[in-house]
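Keeping their order, the protein sequence lines are chains A, B and C. Residues in the first sequence are numbered consecutively from 102, following this note's numbering. Residues in the second sequence are numbered consecutively from 34, following this note's numbering. Residues in the third sequence are numbered consecutively from 27, following this note's numbering. By construction, the Cβ of each residue, glycine as well, lies at the ideal position given by its N, Cα and C atoms. All of these numbers come straight from a predicted model, not from anything done at the bench. All remarks here apply to the structure that follows.
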Amino acid sequence: MSAAISPPVGLTEPENEVNRRPSFKSRALHSPTFMSGAILTTTIVALALLAPVIGRYSPVAQDLLHPLAGPSGAHWLGTDELGRDVWSRLLYAGRTDLQVGVLAVLFPFAFGVSIGTVCGYFGGRIDSVVMRIVDVVLAFPFYVLIIALVFVVGVGTHGIYIAFGLTDWVIYARTTRSGTMVARSLDWVAAAEGGGLSRMRVLWRHILPNTITQAVVYVMSDIVLVILAVVTLGYLGLGIQPPAPDWGSMISDGQSFIQTNQWLAAIPGLAVVLTGIGLSLLGDGLADVMRPE
Amino acid sequence: MTPVLEVEGLVVEMRRDRRAFHAVDGVSFALERGGALAIVGESGCGKSLTLRAIMGLLPNRGRLASGRVIVDGVTLPAAARGRGRGHNQQRRMSIVFQDPLSALNPVATVGNQIAEAPRHVLGFGRSASRARALELLRLVGIPDPERRYHAYPHELSGGTRQRVMIAIALSSDPAILLCDEPTTSLDVTIQTQILALLADLRSERGLSLIFVTHDLGVVSQVAERVAVMYTGRFVETGPTADVLAAPRHPYTSGLLAAALDVDSPDREPVAIPGSLPDPLRLTSGCSFHPRCQFATAECVTSDVQLERVGPGHEAACLHSDALSAALAAAEDV
Amino acid sequence: MSEALIEVDDLSVSFRSEHGHLLRAVDDVTLRITEGEVLGLVGESGCGKTTIAKCIAGQVAPTSGVVRFEGRELRTKRAAQDRRAIQMVFQDPYSSLNPRMTVRHVLSELLRVHRLVPRADIEARCSELMALVGLPPGALDGLPSQFSGGQRQRIAIARALTVEPRVIIADEPVSALDVSVQATILQLFEDLRSRLGLTVVFISHNLAVVRHLSDRVAVMYLGRIVEQGDRESVFTDPRHPYTRALLASAPRLHQVELVRPTVKGEPPSPIDIPTGCSFHPRCPLAGEICIRDRPRLEQVGANAEHFAACHFRDGTPPPAPEEP
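Here you go:
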C-alpha cells in the first residue's frame with residue numbers, strides 16, 4: 102500500500118495563493134502599442150526640445166542667395182523661399198506647436214474632470230444645469246468660435262487657449278460624469294461611505310482614481326486635436342504669426358511651391374501626421390496598460 | 034438501441050494571454066434515448082464549453098481541437114457545426130441558456146422568437162408557425178398565451194422568460210435538449226417549477242436531456258446519471274444515486290463534504306484545501322493531486338483515466354478504494 | 027430578556043418607479059436583533075431583505091418607521107461612531123472592492139480616519155486583520171484583480187472588521203462563490219462570530235446556509251415578514267405556506283423523487299401587490315378571508331418565539347418534516 106503524502110505545506114490553508122500582477126513597467130514594456138507610441142512621441146518631443154542644439158541655423162535667418170535649395174550637406178532639408186533652413190524651422194515649429202498643444206488642454210482637463218465628478222456624484226440641479234451647458238457648447242461649431250475670438254482677441258495663441266478653454270472641457274466632463282455615476286452605484290463606494298469616510302474623501306480619493314484614466318487617455322488625442330487646430334489656424338494665417346515658424350504656416354507657405362519643391366509642404370505635413378500617430382498610440386497603449394485587470 | 038447522442042474525445046482549445054490550453058480535455062459520454070445526464074462542476078471546469086462545443090457555438094477564443102459528436106448514429110461533420118442549424122442532425126439538438134434576459138432578443142416579441150424556427154428552419158407558413166408558437170407557449174405553462182405572444186422579454190418575469198427560452202428550444206422539435214445552468218439565476222420556488230416542466234417534457238415527448246449545473250442538490254431531481262467535471266475532464270461518472278451516496282473520486286467527495294444540506298444543519302461543511310488550478314499551469318498527472326489527501330507519487334506521474342468502479346460507475350482515481358474505505362470508516366464513527 | 031441591540035419598528039420603504047408607480051420594497055416591518063445572535067433573513071428576489079439591510083446600515087432612508095441602535099434612533103446621516111457600529115459585506119466579490127486601491131490602503135485609511143490605533147501600529151494591525159480572515163500579510167500589497175472570489179470576500183470581511191463593528195450585515199456573501207469556497211467563508215463567519223462576539227444579520231435565499239448559521243430566522247415575501255422565530259421552530263414546524271414551499275424547493279443532495287411545486291405562478295410586481303394577504307394568489311391554502319384581510323404576524327400556538335402571518339397558521343396541520 103503506497104504511503105499517502107500530505108498536501109504541500111501552505112496549501113492546508115485554502116486558497117492562499119495570490120496572483121502577482123506584473124508591475125506597471127513590465128506591462129508597459131510588453132504592450133507594443135504603448136512602446137511604439139512612447140518611442141515615437143519621445144523622439145519627436147526630444148527633437149523639439151533639442152531644437153537649439155540640433156537645429157543648425159536660426160529659424161528666422163534668411164539667406165536670400167540660396168532660396169528653395171534642395172537637401173544638401175549645408176541644409177539637410179533644403180531651404181524655403183526666403184532661404185531659411187527647413188530643418189531648423191521644422192524643429193522650432195514643433196516646439197511651438199507641441200507647447201501650445203499641451204498648454205491648451207490643461208485647463209479643460211482639470212476643469213472638465215472636476216465638474217464631471219461633481220455632477221456625476223451629486224446629480225440634482227447642478228448636474229442638470231451643467232449638462233445643458235455642455236449640450237449648448239457641443240452644438241457650437243468650433244472653428245466659427247475660434248475665428249470670432251481671433252477677431253476679438255487678436256491673432257496668435259491667446260485665441261486658441263481661450264477657445265479651447267471654453268469648449269474643450271465638455272468632453273472630459275461628460276466621460277468623467279458617466280464614469281462617476283457608474284462607480285457611485287457600485288458596492289465598494291457604499292462600503293467606503295459605510296466605513297465612515299466623508300463624501301469628499303470618497304469622491305476625490307476613491308472614485309476619481311478610477312474615472313480619471315479615461316480622461317488621461319483622451320488627453321493624448323486631445324493634444325493632437327489642438328495641434329491640428331493650431332496648424333489649421335496657421336494655415337489660415339490666423340494662428341502663430343510669422344516669422345515664428347509653425348507647421349501650419351509652413352504648409353501654407355509651401356503650398357505655392359507644390360509643383361517644384363514638394364517637400365516644403367510635405368515635410369511639415371508629415372511631422373503633423375507622425376505626431377498625431379505617436380500620441381494616439383501612446384493614448385491607446387496607456388489605456389491598455391492602466392486597465393486594472 | 035443506438036444512443037441518441039455520443040460524444041467521443043471532445044477537446045476544446047481556448048486562448049488566453051496568447052497562450053492556448055485545453056478547457057475541455059477529452060470528454061466522452063453516451064446519452065440514451067429519453068435519458069438525462071447531469072454535468073456538475075465548479076466555475077471554469079469546462080462544463081458550459083462542453084455543451085457549446087457539442088452545439089457548435091464556441092466563442093471566438095475557442096476552437097474544437099478534436100473529438101466527434103454523433104447524433105442518432107450520424108457523425109456531425111466538424112464544418113457543419115457553428116454554421117447555423119442547416120444540417121439535419123444539428124436540428125436534433127437545442128440549447129437553453131442560463132440568463133434568459135441576455136439570451137433573448139430584446140427587440141423582438143417572444144412570440145416571434147418562438148415562431149422563428151418553425152418558419153425559417155422547419156419551413157412552416159406564417160400562420161402555421163404562429164399557431165405552433167402559441168401551442169408551445171401553452172406547453173411550457175405560460176398562462177394567457179395569446180396576450181403573451183406580443184410581449185417583449187423585459188416585460189416578463191424571470192421564470193416566464195426561462196419558459197420562453199425552453200419554448201424556443203423546443204420549437205425546432207429537437208430530440209435532445211442541452212441546458213446550461215437554466216435555473217441558476219432563478220428563485221428556488223421558480224426553479225422547482227422549471228425542473229418539473231423539464232421532467233414532464235421528458236416523459237411526454239421522450240426528450241433526452243443534458244443538464245449542466247454547479248448545484249449538487251439539483252442533480253438528483255433532474256438526471257439519473259451524473260458526470261463530475263474538474264479542469265476539463267470527467268473525474269467521475271455514474272448513476273446519480275450511487276455517485277452521491279458513495280463517491281469514488283476525492284473531488285466528488287470533497288464537493289459533497291463542502292456542500293450544505295438543509296436537512297443536515299449541524300454538519301460542518303469542510304472546504305477542499307487549495308484552490309482551483311490555473312488552466313495555463315496545470316501539473317502533470319492527475320490535476321487534482323495538489324489538493325488531494327490520498328495523493329501519492331504515482332498520482333503525479335501517471336495520466337489517470339476513468340476506470341470502472343461499479344455497475345455503470347467510473348472514476349479517474351488510483352485510490353478510489355482508499356477513498357471508499359475512509360468514507361466507510363468515517364460513517365461508523 | 028436581553029435588550030435588543032437593533033430595533034426596527036414599522037419600517038416601510040417605497041420608491042417611485044420611472045413611470046410614477048409606487049413600489050413598496052419594504053412594508054411595515056418590525057424586527058428585534060439581540061446582541062450576539064445570528065439572524066437569518068430569508069426570501070427570494072424582490073422580497074425586500076436587501077433594502078432592510080441598507081436601511082439598518084444607513085445607506086437608504088426609510089419612507090416611514092424607525093431604526094434604533096442601543097435605544098438611539100439612527101438616521102442615514104449618522105455619527106461616525108454609529109456608522110462604524112454596523113458594517114455590511116456585499117454579495118458580489120467583483121464589485122465590492124475598489125479596483126485601484128491596494129488592500130493595505132483600504133484598511134489603513136479606515137484605521138487612520140477613525141484614529142483606531144496609533145500611527146506606528148497601523149501596519150501591524152493590518153497584518154492582524156489579514157490573519158483574522160486567513161490571508162497572508164503579503165496580500166496587503168495586492169490589488170483586487172489579483173485575488174479570487176473567495177479571497178476578495180475575505181478582504182471585504184477584513185475591511186468590515188477594521189472599524190470594530192458591533193453588527194455585521196452580510197448580504198448573500200457566499201452566493202457568488204463556488205461550493206468549496208463557500209465552506210471556507212462560512213467557517214470564517216462562524217469563527218469570527220464566536221471569537222469577536224459579533225452580531226450578524228445573514229441575508230440569503232439559500233435555506234441550507236441560513237439553517238446552518240442562524241439562531242433566529244425571519245422569512246420575507248414581497249416586503250413583509252411572513253414568518254419568524256427561532257431556527258428549529260421555523261424549519262421543523264413551518265406555519266406559513268410560503269415557508270413550507272421554500273423548504274420543499276430547497277435543493278437536497280439525496281432527493282429521491284422530483285419535487286412538485288406547491289405554489290403556482292410567480293411573485294407579482296411590487297407595484298401591484300395583491301389585497302389582503304399578498305401571498306394569496308399563489309397559496310394552496312388560500313380562502314375568502316385571505317383576499318380580504320391582511321394577516322398580522324401573530325404567535326404560533328404556545329411558542330412565544332414563533333410568529334407567522336397566516337390566517338391558517340394554527341389551522342391546517344403542516345406536513346411532516348423531511349427525514350434527513
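- Judged by DSSP in its simplified three-state form, C:Ala334 adopts strand.
- Only residues of its own chain outside the window of five on either side were considered, and among them Ser350 have a CB closer than 8 Å to the CB of A:Pro343, listed in chain order.
- Between B:Met198 and B:Pro139, the C-beta spacing is not below 7 Å.
- Cα atoms of A:Tyr222 and B:Glu331: separation of roughly 59 Å, rounded to the nearest angstrom.
- For the options A:Ala274, A:Val146, A:Ser124 and A:Thr134, the alpha carbon positioned closest to that of A:Val373 is the one of A:Val146.
- Spanning the alpha carbons of A:Ile313 and A:Thr277 requires a straight line of approximately 7 Å.
- Close partners of C:Gln281 in chain B (Cβ separation under 8 Å): Gly250, Ser253 and Gln254.
- Annotation: C:Glu29 has no Cβ neighbours in chain B at a cutoff of 7 Å; minimum Cβ distance is about 28 Å.
- C:Gly176 sits close to C:Leu203, with the two beta carbons spaced by under 7 Å.
- Relative to C:Val200, the option among C:Val189, C:Arg180 and C:His332 whose CA is nearest is C:Arg180.
- Rounded to whole angstroms, the gap between the alpha carbons of A:Ile216 and C:Ala105 is 28 Å.
- In the displayed model, B:Asp294 falls within coil according to three-state DSSP, outside both helix and strand.
- Within the region 72-112 of chain C, the runs of alpha helix (DSSP H) at least 4 residues long that lie entirely inside it are, in chain order, 75-83 and 106-111.
- B:His247 reaches chain C at Asp204 and Val205, counting residues in chain order whose Cβ is nearer than 9 Å.
- Residue range Pro133 to Ala136 is occupied by the alpha helix (DSSP H) that includes B:Ser135.
- Taking the C-beta atoms as reference points, B:Val44 is found no nearer than 7 Å to B:Gly79.
- A distance below 8 Å between beta-carbons, with the five flanking residues on each side excluded, links A:Leu178 to the following residues of its chain, in chain order: Pro172, Asp186, Val187, Trp188, Leu191, Trp364 and Ile368.
- In this structure C:Phe228 is buried. Its beta-carbon is surrounded by 16 or more other beta-carbon atoms within 10 angstroms.
- Using a Cβ distance threshold of 7 Å, C:Thr76 and C:Val52 do not count as a contacting pair.
- In the DSSP annotation of this structure, the continuous segment of the alpha helix (DSSP H) that includes A:Thr258 starts and ends at Thr258 to Thr268.
- In this structure A:Gln356 is exposed. Its beta-carbon is surrounded by fewer than 16 other beta-carbon atoms within 10 angstroms.
- With fewer than 16 other CB atoms across the displayed protein chains lying within 10 angstroms of its CB, A:Leu239 is exposed.
- DSSP, reduced to helix, strand and coil, places C:Ser40 within a strand of the structure shown.
- The three-state reading of DSSP puts A:Thr143 in helix, counting H, G and I together.
- At a cut-off of 7 Å, the C-beta of C:Gln85 has a neighbouring C-beta in chain A.
- Inclusion of C:Gly72 and C:Asp36 in the CB contact set at 7 Å is not warranted, their separation being larger than that value.
- In the structure shown, the three-state DSSP call for B:Val45 is strand.
- DSSP assignment within the region 119-188 of chain C yields the following whole alpha helix (DSSP H) runs of 4 residues or more, N-terminal first: 129-139, 148-158 and 175-188.
- In the DSSP assignment, A:Pro209 falls outside any beta strand (DSSP E) and lies within the alpha helix (DSSP H) extending over Val187 to Phe223.
- Beta-bridge partners assigned by DSSP to C:Val68: C:Ser230 and C:Val245.
- At least one CB atom of chain C sits nearer than 7 Å to the CB of A:Asn311.
- Distance check between A:Gly297 and each of C:His140, C:Gln172 and C:His238 places C:His140 closest, using alpha-carbon atoms only.
- By the C-beta density criterion, B:Met47 is buried, having at least 16 other C-beta atoms within 10 angstroms.
- Short of 7 Å from the beta carbon of B:Pro272, and not among the five residues preceding or following it, lie these beta carbons of its own chain, in chain order: Glu257, Arg258, Gly345 and His346.
- A:Asp181 is the residue among A:Asp181, A:Phe210 and A:Ala274 whose C-alpha sits nearest the C-alpha of A:Asn362.
- As the crow flies, the alpha-carbon of B:Asp213 is around 30 Å from that of C:Pro125.
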